[in-house]
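Data block below; observations after.
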Amino acid sequence: MTMKLCIEWLLGLPIFRNTVASITVHTQSDIPFTIPVFNHACSAPLTSLLLDTDLLLENTENLNVSTLKRMRASVQRLHALMNSLSQTKNETFCIKEVLDNCILMFSHLAEITVEIDNRENDGLCCTGSKILFSEVLVCLLKNAIEAYESHQKKVIFISVKVASTGTKIAIMDHGRGMNVIERWISCLDGVSYKKKSTGIGLPFCIKTIKQYFDGSVSLSSMKQVGTSVCLYLPH
461 MTMKLCIEWL LGLPIFRNTV ASITVHTQSD IPFTIPVFNH ACSAPLTSLL LDTDLLLENT
521 ENLNVSTLKR MRASVQRLHA LMNSLSQTKN ETFCIKEVLD NCILMFSHLA EITVEIDNRE
581 NDGLCCTGSK ILFSEVLVCL LKNAIEAYES HQKKVIFISV KVASTGTKIA IMDHGRGMNV
641 IERWISCLDG VSYKKKSTGI GLPFCIKTIK QYFDGSVSLS SMKQVGTSVC LYLPH
């Protein structure tokens, strides 16, 4: 609570108030799936399901296979989230498979391209909580999409590079970007630029990758150029 009050005081200073127009602050817990985190995790697949259901109802004669696949991926994600409430288990999973499933949920909202430095790395695996890793990707993809203005074409590029020491996954957009102060604020626990938000985005990603995968997250951004978030997962 003290941290929350301090952040609110800082954000009340003229320099912050003039730089960032709309910021909300939320308290958080160290438990992986608190109610805010769970709500955030469910929002993407539920929104996708609602949109796809509307599409099918509008065009009942011609069933779209990609829409059905996206709905199936959303249902599978919700099922996994429900199972994750009791425990966050470690397992070995394919990074590209998780990436593909997350991208599928947002395929109707943005053009997302994935580049893997070596086709042999398509089967690259990681050990840890699959559901937490996928939620990190969902958070970053949502942020990348929302970095664009509503009228803009949303293009996101994902790069996967494998080195001897670990794997780097970079998610890049060409949205509005952030200045130095906005970048610093975006990494604070419970802070969001959205009026209606759980405020778990980037801080949640940083904490999860560090705590559950012994990795790190780096951020680079520039106004009117875009943002790049890089996940590093050690082998």
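Using the numbering used here, read the sequence shown as starting at 461 and increasing by one per residue.
Ideal placement from N, C-alpha and C gives every residue a C-beta, glycine not left out.
As the structure is a prediction and not an experimental result, all values here were calculated from the model.
As DSSP reads the structure, Val689 sits in a beta bridge with Ile631 and Leu679. Leu569 and Lys613 do not touch by the CB rule: their CB atoms are close to 11 Å apart, not below 8 Å. Bounds of the alpha helix (DSSP H) holding Ser594 are Lys590 to Glu606.
In the structure shown, Glu575 falls within a strand segment according to DSSP collapsed to helix, strand and coil. The region 614–629 makes contact with the region 574–588: 3 or more CB pairs, one atom from each, lie closer than 8 Å. Excluding residues up to 5 positions away in sequence, Gly637 and Asn639 lie with their Cβ nearer than 6 Å to the Cβ of Lys683 in the same chain. Of Met565, Glu557, Ile555 and Phe553, the smallest CA-CA separation from Ser526 is found for Met565. The bridge partners DSSP lists for Pro694 are Gly626. Residue range Ile555 to Phe566 is occupied by the alpha helix (DSSP H) that includes Cys562. Ranked by Cα distance from Lys590, the first of His611, Val558, Ala623 and Ile563 is Val558. Looking at Tyr608, Ala604, Gln536 and Cys554, the one whose alpha-carbon comes closest to that of Cys690 is Ala604.
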